[in-house]
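See below for the structure under consideration.
Next comes the structure, spelled out in structure tokens:
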């Protein structure tokens, strides 16, 4: 993933992804990336530097490799991220929508994530 200017020059890039299916821009200029085959969502700053990793670490998760985030939608009013993902439940794969609530204790603190499966 790279940011390219009008002259086709690479301004910044992030390469540790495996099939980034979807991006969502946050109000502060940060970027959420649905890194599907690494089974995670990346939080990158506006310079594409890694700020955090969101994965399926919920108590209901048997294996991390069953969670494949595919689409993201950020709601700036509520700081919620809606995630369409494929998850294996009882040996069957099906689509799910989860809601992630991004919260920051202060401007300098890393963002904390609450995971709710809907």
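In this note's numbering, the protein residues as written are -17 to 100.
Don't be surprised by glycine CBs; every beta carbon is placed ideally from N, CA and C.
Residue i - DSSP class collapsed to helix/strand/coil
{"i": "residue 27", "result": "coil"}
{"i": "residue 0", "result": "coil"}
{"i": "residue 20", "result": "helix"}
{"i": "residue -7", "result": "strand"}
{"i": "residue -12", "result": "coil"}
{"i": "residue 6", "result": "strand"}
{"i": "residue 54", "result": "strand"}
{"i": "residue 32", "result": "strand"}
{"i": "residue 59", "result": "coil"}
{"i": "residue 12", "result": "coil"}
{"i": "residue 97", "result": "Residue placement at residue 97 is flagged as unreliable, the pLDDT there being 46, under the threshold of 50; a coordinate-derived value is accordingly withheld."}
{"i": "residue 41", "result": "Because residue 41 sits at a pLDDT of 48, beneath the cut-off of 50, its placement in the model cannot be relied upon, and the following sentence gives the value as read from the coordinates. In this structure, residue 41 counts as coil in the three-state DSSP scheme."}
Assigned exposure category for residue i - 16 Cβ within 10 Å defines buried
{"i": "residue 50", "result": "buried"}
{"i": "residue 35", "result": "exposed"}
{"i": "residue 67", "result": "buried"}
{"i": "residue 23", "result": "buried"}
{"i": "residue 32", "result": "exposed"}
Residue i: CB within 8 Å of a non-hydrogen atom of the ligand ZN
{"i": "residue 17", "result": "Of ligands this structure carries none, so the ligand ZN is not represented either."}
Residue-chain proximity (residue i, chain D), Cβ-Cβ < 9 Å
{"i": "residue 13", "result": "Annotation note: the requested chain D is absent from the structure, which comprises a single protein chain."}
For residue i, the nearest candidate out of the options (CA to CA)
{"i": "residue -15", "options": "27, 37, 58", "result": "27"}
{"i": "residue 60", "options": "-17, 32, 81", "result": "81"}
{"i": "residue -17", "options": "64, 79, 29, 63", "result": "29"}
{"i": "residue 79", "options": "-12, 10, 52", "result": "52"}
ask   = Pairing CB atoms from the stretch -11 to 5 with CB atoms from the stretch 13 to 26, are three or more of them under 8 Å?
value = Segments in contact, yes.
query = Would you say the stretch 3 to 12 touches the stretch -14 to -5, given that touching needs at least three Cβ pairs under 8 Å?
reply = No contact exists between the stretch 3 to 12 and the stretch -14 to -5.
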